[in-house]
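Heads up, the thing below is written out as structure tokens.
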């Protein structure tokens, strides 16, 4: 039992004061439902986290809240707790989740009701203050406005003895760093320790992406049902990433590197509590399914907090025409002309009309689908009528009057709403970060005592070229034979992290894969700002492409709206690779 002092409450989080074992059971709203039970029964844990929020999720929850002000949180989490709450109580595992979304107080109350229903007495706390919608001034049509909070509120709730901590929009890594801050009693000035926990949290936040999911070299591992990851965090901020024994997937320096690069930019990884220096991260295999992360340095965080705004951007519709066999370009030209003529005849052309032709066909195909190309029409407008019948009606009316073999992948509909995400900066001192403790006490969480404006680090010196004395024989081959990649989205920007599997490949890659070559390999990026960041400790390059995703994932501006597969596209592109590397 705790004697009520802060130090005893900190120690009560885990059985071993020297190590905190933090697991993850969700990487997004809709992740594997059984993961919470699997993590609670698969092995020892002190804290179990669940990440349910993303830019698109906030828009979805915002629309839920419009229908019912009592909603706005991830309902899946409650269903998972129906048997998980008892398991957590039996095993002494604290639960920390951002499933509160836009209504953490409402979810905290629902957890209390569930606890009474299942007969498991638990102390529930929540973190508030991230929701800034009521302060106004965000512009027309904004549905949600949420600051990304740090781990201080979570730490205060755990120190007060909470068994379940519910948050709204905190940084994904804060779920882990807040728990570690509480356990080890770190102060705001303990920047290196906080940075180490933030890096561990970033590795855990996307669940099975750290254990082989979405991994370039997936064929080397059993991915039938990969286990969720956990981190064994030490008092100095170092950590070992691992998973429960007997679970699928793998934890290797490759899987961890891939997740470290995911949705990041430069060497400075900024958060509300600390800016972690990714260029200082050291990783090493520490045994089967164990990867050690250490050496992480921290700097004071920026004086502002990222605040995500979502709003309904308008209406969209989509039609995909299937073009089979011969004369694909001519067939595409015909249907485009017919649709454009229909818009003119209706006198109501959508504000944005985008055509893309995917040449998925091949000559002399033995399977009809392999003989077919896809012509995709996407329209957007502020007026639902402009993307509704005027588009779907025109497309269907072509069924017997267009190119031979006319058909579409699915009947076009009335049009659907799309969203827009925007990130703005808000002074951290203006955000009322608040911990609502199990007894109802409200405790204000102060911003970091020191701050530092975020500036891009100059790139470090490149390694020695693979062979500076003479040109090496090369062979035209896919980049992915020698390098891995992981890509993702941040608002309208996409990041593509590329890492080398060996030091020799790194010495070639760092010189060869320049911004100019990157643009040549991915022509969609040719007219966009591209910034390359060099991370020698990870043998990695991280490219940030501004504007590739338009107004963000909710706007669905491109075929791959979250840039999930841009890295794999890059790996499939052919380059002149030294034969010695192949």
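Residue numbers (the numbering used here): 3 to 584. Ideal placement from N, C-alpha and C gives every residue a C-beta, glycine not left out.
Express the C-alpha separation of residue j and residue i in angstroms, rounding to a whole number.
| i | j | result |
| --- | --- | --- |
| residue 355 | residue 380 | 6 Å |
| residue 181 | residue 538 | 30 Å |
| residue 548 | residue 533 | 9 Å |
| residue 192 | residue 21 | 17 Å |
| residue 520 | residue 49 | 41 Å |
| residue 85 | residue 44 | 15 Å |
| residue 423 | residue 23 | 34 Å |
| residue 578 | residue 481 | 9 Å |
| residue 166 | residue 333 | 59 Å |
| residue 206 | residue 337 | 47 Å |
| residue 434 | residue 104 | 15 Å |
| residue 357 | residue 263 | 32 Å |
| residue 56 | residue 239 | 26 Å |
| residue 309 | residue 61 | 14 Å |
| residue 560 | residue 443 | 47 Å |
| residue 517 | residue 582 | 24 Å |
| residue 439 | residue 467 | 57 Å |
| residue 42 | residue 97 | 10 Å |
| residue 53 | residue 75 | 12 Å |
| residue 351 | residue 397 | 14 Å |
| residue 247 | residue 378 | 46 Å |
| residue 227 | residue 251 | 7 Å |
| residue 219 | residue 346 | 50 Å |
| residue 576 | residue 19 | 51 Å |
| residue 118 | residue 111 | 11 Å |
Using DSSP with H/G/I as helix, E/B as strand and the rest coil, what is residue i?
| i | result |
| --- | --- |
| residue 179 | helix |
| residue 308 | strand |
| residue 198 | helix |
| residue 19 | coil |
| residue 85 | helix |
| residue 398 | helix |
| residue 386 | helix |
| residue 331 | helix |
| residue 441 | coil |
| residue 3 | Low confidence applies here, because residue 3 scores a pLDDT of 29, under 50, leaving its location unreliable; read the following figure in that light. Reduced to three states, the DSSP call for residue 3 is coil. |
| residue 573 | helix |
| residue 135 | helix |
| residue 404 | coil |
| residue 533 | strand |
| residue 539 | helix |
| residue 35 | coil |
| residue 8 | With a pLDDT of 37 at residue 8, under the threshold of 50, the modelled position of that residue is not reliable, and the figure given next carries that caveat. It is helical. |
| residue 130 | strand |
| residue 323 | strand |
Along the chain, where does the alpha helix (DSSP H) that runs through residue i open and close?
| i | result |
| --- | --- |
| residue 158 | 154-161 |
| residue 67 | 57-69 |
| residue 512 | 505-514 |
| residue 518 | 517-523 |
| residue 120 | 106-120 |
| residue 142 | No alpha helix (DSSP H) holds residue 142; DSSP gives it neither H nor E. |
| residue 258 | 255-263 |
How far does the beta strand (DSSP E) with residue i in it reach, from first residue to last?
| i | result |
| --- | --- |
| residue 491 | 485-492 |
| residue 278 | 277-279 |
| residue 499 | 495-502 |
| residue 188 | Neither: residue 188 is in no beta strand (DSSP E) and is coded neither H nor E. |
| residue 236 | 231-236 |
| residue 423 | 418-429 |
| residue 296 | 293-296 |
Answer yes or no: do residue i and residue j have a C-beta to C-beta separation smaller than 7 Å?
| i | j | result |
| --- | --- | --- |
| residue 78 | residue 312 | no |
| residue 546 | residue 272 | no |
| residue 401 | residue 376 | no |
| residue 229 | residue 249 | yes |
| residue 478 | residue 382 | no |
| residue 491 | residue 564 | yes |
| residue 184 | residue 160 | yes |
| residue 331 | residue 474 | no |
| residue 157 | residue 132 | no |
| residue 428 | residue 277 | no |
| residue 274 | residue 151 | yes |
| residue 512 | residue 465 | yes |
| residue 321 | residue 298 | no |
| residue 421 | residue 494 | no |
If we define contact as Cβ-Cβ less than 7 Å, is residue i a contact residue for chain D?
| i | result |
| --- | --- |
| residue 270 | You won't find chain D in this structure, because it holds only one protein chain. |
**Prompt:** Does the count of Cβ pairs from the stretch 408-422 and the stretch 377-394 closer than 8 Å reach three?
**Reply:** yes
**Prompt:** Would you say the stretch 495-514 touches the stretch 560-575, given that touching needs at least three Cβ pairs under 8 Å?
**Reply:** yes
**Validate contact between the stretch 327-335 and the stretch 302-311 using beta carbons, cut 8 Å, 3 pairs** = no
**Message:** Assess contact between the stretch 64-83 and the stretch 201-216, defined as three or more Cβ pairs (one per stretch) separated by less than 8 Å. Is contact present?
**Reply:** no
**Message:** Could you check whether the stretch 92-106 touches the stretch 120-140, counting it as contact only if at least three pairs of C-beta atoms, one from each stretch, sit closer than 8 Å?
**Reply:** yes
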